Amino acid sequence: MSTGTMVGVATGLEPYFSFVYYRSGRLGKFIEVKAEIVQEYIDRHPEVDENNLPNWFISSMELSPEAHADVQCVIQRWVDSSISKTVNAPKGYTVEQVQKVYERLYKGGAKGGTVYVDGSRDSQVLTLKAESSHDEQLAFDEVLEEKVNGKNPVVLVDTIAPLTTTNVTIGSEVGNTCPVCRQGTVEELGGCNTCTSCGAQLKCGL
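Numbering (UniProt numbering), first residue to last: 1 to 206.
If you want it as structure tokens, here you go:
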């Protein structure tokens, strides 16, 4: 836990990720976090339904990526040093859409920027549900066991016989032969140049 989290100022200029969310702990467990500002408001206004808060309670995932970028640009005007915030984008956000967000940040006067597409990593520090890291580990162990038992074995590059054909190009570009396993073909999958055999991600668009 950081000192910012301890004193309740970890969000900085960010909106709350959600008013109820889960934070990944160092031991792999997810801890439920409830924003104190909501409880404080309900204590002062007991007639309010916590599931139907006023429209000024806006969480990070309720803002559009463009709105996130505009918030940073507006605040940056009044700060000499560079500031940073995360532009939260929904699942399925394309590379082209991310590019437009960065262009919006640049034109708006931001000195930097970060775009995070929800679900783009296997695990997240903040999530809306408590994911079971134990179940994920069991699934990983099963996949690993299958690989060891003969399915898609991991092959060290040094043990592979050199390619004799001259029309094979080893590299990270689409259509090349994978430089890791030297068996699969590199294809663009999910925005990354990925080997169809060993699954190595060799080059990503971001």
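Using N, Cα and C, we set each Cβ at its ideal position, and we do this for glycine too. The structure displayed is predicted, hence computed values, not measured ones.
Please report the distance separating the alpha-carbon of residue i from that of residue j.
{"i": "N176", "j": "Q183", "result": "10 Å"}
{"i": "S197", "j": "C204", "result": "17 Å"}
{"i": "N55", "j": "T169", "result": "56 Å"}
{"i": "E188", "j": "Q99", "result": "18 Å"}
{"i": "Q72", "j": "E96", "result": "21 Å"}
{"i": "G109", "j": "V180", "result": "41 Å"}
{"i": "W78", "j": "L105", "result": "15 Å"}
Along the chain, where does the alpha helix (DSSP H) containing residue i start, and where does it finish?
{"i": "K91", "result": "No alpha helix (DSSP H) contains K91, which DSSP labels as neither H nor E."}
Using alpha carbons as the reference points, say which of the options lies closest to residue i.
{"i": "D80", "options": "K111, G119, P15 and E40", "result": "K111"}
{"i": "L202", "options": "F57, Y93, G109 and S172", "result": "S172"}
{"i": "P65", "options": "W78, E50 and K85", "result": "K85"}
{"i": "S18", "options": "P46, N51, I42 and E47", "result": "N51"}
{"i": "G190", "options": "G92, I42, E103 and D43", "result": "G92"}
Go to residue i, then tell me how far its beta strand (DSSP E) extends in each direction, as first and last residue.
{"i": "Y116", "result": "T114 to V117"}
Contact defined as beta carbons within less than 8 Å: I believe residue i pairs with residue j. What is the distance between those atoms, to the nearest angstrom?
{"i": "L13", "j": "I75", "result": "6 Å"}
{"i": "V38", "j": "L53", "result": "7 Å"}
{"i": "G113", "j": "A67", "result": "The pair is not a contact, with the Cβ atoms about 14 Å apart (cut-off 8 Å)."}
Can you name, in chain order, every residue of its own chain whose Cβ lies under 6 Å from the Cβ of residue i, other than the five neighbours on each side?
{"i": "T94", "result": "none"}
Grab me the residues of residue i's own chain with a C-beta within less than 8 Å of its C-beta, minus the 5 sequence neighbours each way, in chain order.
{"i": "T194", "result": "V186, E187, E188, A200, Q201 and L202"}
{"i": "A89", "result": "P65, Q97, V98, V101, V115, Y116, V117 and D118"}
Below 7 Å CB to CB, which residues in the same chain sit around residue i once its five sequence neighbours on both sides are set aside?
{"i": "P15", "result": "I58, S59, S60 and L63"}
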